[in-house]
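In my numbering, the protein residues as written are 28 to 206.
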Ligand SMILES: CC(C)(COP(=O)(O)OP(=O)(O)OC[C@H]1O[C@@H](n2cnc3c(N)ncnc32)[C@H](O)[C@@H]1OP(=O)(O)O)[C@@H](O)C(=O)NCCC(=O)NCCS
């Protein structure tokens, strides 16, 4: 267990947690992204949080996968990958923030900001120069959040998923230089 603040902790996801994680993400992903999809995101959740994919992501030695706890209760997930590089950026030491999802009840109360500050500090201490991530342009909540925290546009792509609405396919790579 990692203590981030008085009320916030990180708890490692274990392979035995796969079913719990799947259900949690059905609850969290759906309200935030259902309007992106013709099936309300069911296909995406089933693929990202299948037992097979969760176990695969847990095997990656460079990645850390946590549940976020608020006052002892699980309210989200948080995953990052050391040494995952954004193509084209010259810095050697980069970390990718892969997933950060908070339950709607706990959004907009400073938890995301605190978690990113913790990751940035940890990365800096370990000599990392860059944090980067993929953000969906049409998910304004998350996009504004990263912008507010100082993340800068680098590049973008358009996701090819068949069940995704055309108008929301744009995904940007944003980054922050650490000092
Ligand atoms: C995106 C997310 C991680 C942000 O975490 P959070 O705890 O809700 O954000 P914080 O409360 O720490 O916000 C920090 C600052 O970002 C900005 N911000 C956050 N949400 C915002 C929004 N909806 N619109 C505009 N600015 C926003 C604000 O400036 C905020 O500071 P303030 O509340 O003092 O004004 C969280 O809301 C979330 O999990 N959303 C749903 C899932 C998701 O889209 N995840 C991202 C996948 S890439």
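Backbone N, C-alpha and C fix where the C-beta goes; we use that ideal spot for every residue, glycine too.
Please find out if some non-hydrogen atom of ligand 1 comes closer than 8 Å to the beta-carbon of residue i.
i: residue 101; result: no
i: residue 184; result: no
i: residue 200; result: no
The beta strand (DSSP E) spanning residue i covers which residue range?
i: residue 133; result: Premise fails: residue 133 is in no beta strand (DSSP E) and is neither H nor E.
i: residue 92; result: 90-97
i: residue 37; result: 35-39
Which residues in the same chain have their Cβ closer than 8 Å to the Cβ of residue i, if we skip the five residues on either side of it in sequence?
i: residue 116; result: 157, 159, 181, 202
i: residue 86; result: none
i: residue 177; result: 203
Which of helix, strand or coil does DSSP assign to residue i?
i: residue 156; result: coil
i: residue 151; result: helix
i: residue 62; result: helix
i: residue 140; result: helix
i: residue 167; result: helix
i: residue 114; result: coil
Just to confirm my understanding: we take residue i, look at its own chain, exclude 5 residues before and 5 after, and list those with CB closer than 6 Å. What are they?
i: residue 127; result: 105
i: residue 165; result: 195
Skipping 5 residues on each side, what residues in its chain have a beta carbon closer than 7 Å to that of residue i?
i: residue 78; result: 45
i: residue 38; result: 28, 93, 94, 96
i: residue 191; result: 63, 64
i: residue 61; result: 67, 68
I'd like to confirm the pairing. Which residues does DSSP put opposite residue i in its beta bridges?
i: residue 184; result: 198
i: residue 123; result: 108, 159
i: residue 103; result: 95, 129
Mind checking which residues open and close the alpha helix (DSSP H) that includes residue i?
i: residue 79; result: 78-86
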